[in-house]
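Quick notes on the structure that follows.
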Amino acid sequence: MKARIVLLATAAALVAVALSLNVASAGRLGPSATATPAATSAAAYPAPKVPNAAALKKEYGGQSITFIGDSVGGSHNRDVALAKQFTKDTGIKVKVVPHPTASDASYSQLARVFSSKSSSFDVAMLDVLWPGAFAPFLVDLKPKLGKEAKQHTPGLIVNDTVGGKLVAMPWFGDFGILYYRTDLLKKYGYSSPPTTWTQLFAMAKKIQDGEQASNPNFSGFVFQGNSYEGLTCDALEWYKSSGAGSFIDAGKVTINNPKGAAVLDLFASQIGKTTPRDVTTYQEGEAHTAFVEGNAAFMRNWPYAYSIGADPKTSKIVGKFSVTVLPHGSGGQSVGTVGGWQLGVNKYSKHVDASIEFVRYMTSAPVQKFDAITNTNVPTIPAVAKDPAVVKVNPYLKPAIANVARVARPSNILGAHYNEGSKAIYQGINQILNGRSASSVLPGVQAKLQRILR
Ligand code: GLC
């Protein structure tokens, strides 16, 4: 019964997350928008100072904590810069350990540590899907951070509250968007980005054929095709935007349906044709590397990749790309999968109070502003998302993009079995991308999900 209540609460929460993230948008440009490149260097935008630092130093100075942080794009550098500032101001030492790049691998790593009741880490970043599953191992942050929580998107606080306990604080949000090369669209006679998947592949083919003459490494389209959590996110967008549902709908497994099979076969038909052959091994990092090195016309990714493309130190396409909503199938509408990360404190930590102070700092409005400006991550504090300096460098915050329909992964219904269910989904879809027909793979995935739900 208790588990059921948690699951229902999570279901409501993810819907609320989807709705309230839309509200957190600001600005007035059209669906595709180019913004001023992010100021990425530490000198251009230093890490914010820790408020009330002297009192923290007196209380906790000299303690050491370990933070399991980020590993994608520029995020590890961000974590190190913020931890360094925190240590400088408070005397609390922070060891930053990047987690595995695949979210599902990070989940397994944390699950192992929690089950051994280990204090080997104090603070960890948690995928938006996990608060329900990890709640028994996390400190209730409400007594100390309840007031701060009120600043965040309410749906996320609901998502992060399990059994009345605030087990995590929102750190940054995510949703899938389409990146495209403005210069190449112009060069090949296109006045706007594609609105359907079929158009995307046609444009990708034409641009690829032209560009490969001078750049054999050039591809039309890159996305997250590896057998891991990211592929579940991407494929959910293909499904939902094609009227094929969202894998499990109204309590029933729906993944094996004709529209779903058709969109998977469509994507599979493009492997090695408008995508690199090895896109079936790509995670976020491989996709953004191809795009910012000038080797792809289109990319599906999360907002963080904008900062990498806009930074002359990491990008060959500065000023030559923009973002918009993802394409859709015929008769469907554009959607973006809900993603995002929270920070939680290990209940087996030996330094719970110092850890909570680190979470307070990391999830504060000034740090969210710093992260949004230097790493183009989605703020979870609506006031930060509306800050003109943030809107200026984050074009995905314009309502025409940020108000895209959001689709949530089936973590509510799969509960503690989410990882197992998602694995069945991404392994099956990866096989299809690697050449097996959707009709030969989907019945097996359907049966596995049904077994998990039983
Ligand atoms: C992003 C999202 C996260 C998702 C992951 C999949 O990090 O924020 O929610 O699980 O991508 O690769």
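Numbering (my numbering), first residue to last: 1398 to 1851.
Idealized CB from N, CA, C, for every residue including glycine.
Would DSSP call residue i helix, strand or coil?
{"i": "residue 1516", "result": "coil"}
{"i": "residue 1407", "result": "Here residue 1407 scores only 45 on pLDDT, less than 50, and its place in the model should not be relied on; the value that follows carries that caveat. If DSSP states are grouped into helix, strand and coil, residue 1407 belongs with the helices."}
{"i": "residue 1774", "result": "coil"}
{"i": "residue 1538", "result": "coil"}
{"i": "residue 1467", "result": "coil"}
{"i": "residue 1526", "result": "coil"}
{"i": "residue 1476", "result": "helix"}
{"i": "residue 1665", "result": "helix"}
{"i": "residue 1419", "result": "Residue confidence is low: residue 1419 scores 41 on pLDDT, short of 50, so the model does not pin down where it sits. Its coordinate-derived value is still stated next. Helix at residue 1419."}
{"i": "residue 1632", "result": "helix"}
{"i": "residue 1705", "result": "helix"}
{"i": "residue 1849", "result": "helix"}
{"i": "residue 1501", "result": "helix"}
{"i": "residue 1593", "result": "strand"}
{"i": "residue 1492", "result": "strand"}
{"i": "residue 1839", "result": "helix"}
{"i": "residue 1802", "result": "strand"}
{"i": "residue 1698", "result": "strand"}
{"i": "residue 1579", "result": "helix"}
{"i": "residue 1685", "result": "helix"}
{"i": "residue 1675", "result": "helix"}
{"i": "residue 1620", "result": "coil"}
{"i": "residue 1818", "result": "helix"}
{"i": "residue 1574", "result": "strand"}
{"i": "residue 1719", "result": "strand"}
{"i": "residue 1807", "result": "coil"}
{"i": "residue 1559", "result": "strand"}
{"i": "residue 1872", "result": "A query on residue 1872 cannot be resolved here, the shown segment of the chain reaching from 1398 to 1851 and no further."}
{"i": "residue 1645", "result": "strand"}
{"i": "residue 1601", "result": "helix"}
{"i": "residue 1564", "result": "coil"}
{"i": "residue 1615", "result": "coil"}
{"i": "residue 1447", "result": "coil"}
{"i": "residue 1459", "result": "coil"}
{"i": "residue 1431", "result": "Per-residue confidence for residue 1431 stands at a pLDDT of 44, beneath the threshold of 50, marking its modelled position as unreliable; the derived number appears in the next sentence. In this structure, residue 1431 counts as coil in the three-state DSSP scheme."}
{"i": "residue 1659", "result": "helix"}
{"i": "residue 1532", "result": "helix"}
{"i": "residue 1441", "result": "coil"}
For residue i, which option in the options has the closest C-alpha, if you only look at C-alpha atoms?
{"i": "residue 1479", "options": "1849, 1789, 1766", "result": "1766"}
{"i": "residue 1773", "options": "1760, 1488, 1788", "result": "1788"}
{"i": "residue 1498", "options": "1623, 1650, 1809, 1510", "result": "1623"}
{"i": "residue 1675", "options": "1660, 1614, 1729, 1709", "result": "1614"}
{"i": "residue 1816", "options": "1536, 1681, 1845, 1804", "result": "1845"}
{"i": "residue 1593", "options": "1721, 1762, 1805", "result": "1721"}
{"i": "residue 1743", "options": "1737, 1549, 1755", "result": "1755"}
{"i": "residue 1812", "options": "1842, 1770, 1648, 1657", "result": "1648"}
{"i": "residue 1630", "options": "1572, 1667, 1608", "result": "1572"}
{"i": "residue 1471", "options": "1823, 1711, 1825", "result": "1711"}
{"i": "residue 1762", "options": "1485, 1544, 1821", "result": "1544"}
{"i": "residue 1522", "options": "1464, 1840, 1512", "result": "1464"}
{"i": "residue 1851", "options": "1814, 1835, 1833", "result": "1814"}
{"i": "residue 1586", "options": "1595, 1574, 1599", "result": "1599"}
{"i": "residue 1625", "options": "1505, 1512, 1713", "result": "1505"}
{"i": "residue 1804", "options": "1749, 1769, 1735", "result": "1735"}
{"i": "residue 1715", "options": "1705, 1525, 1482", "result": "1705"}
{"i": "residue 1732", "options": "1612, 1695, 1782, 1634", "result": "1634"}
{"i": "residue 1833", "options": "1807, 1659, 1818, 1723", "result": "1659"}
{"i": "residue 1627", "options": "1839, 1849, 1827", "result": "1827"}
{"i": "residue 1456", "options": "1702, 1752, 1740", "result": "1752"}
{"i": "residue 1602", "options": "1838, 1849, 1526, 1668", "result": "1668"}
{"i": "residue 1768", "options": "1703, 1636, 1690, 1679", "result": "1703"}
{"i": "residue 1639", "options": "1723, 1558, 1727, 1695", "result": "1727"}
At a cut-off of 6 angstroms, would you count residue i as near the ligand GLC, judging by its Cβ distance to the nearest heavy atom?
{"i": "residue 1500", "result": "yes"}
{"i": "residue 1524", "result": "yes"}
{"i": "residue 1467", "result": "no"}
{"i": "residue 1736", "result": "yes"}
{"i": "residue 1682", "result": "no"}
{"i": "residue 1571", "result": "yes"}
{"i": "residue 1626", "result": "yes"}
With 7 angstroms as the threshold, decide whether the Cβ of residue i is near any Cβ in chain C.
{"i": "residue 1781", "result": "Checking the listed chains, one finds no chain C in this structure; it contains a single protein chain."}
Where in the segment 1727–1800 do unbroken runs of the beta strand (DSSP E), each at least 3 residues long, occur, reported from the N-terminal end onward? Note on the segment 1727–1800: whole beta strand (DSSP E) runs with a minimum of 3 residues are 1732–1742, in chain order.
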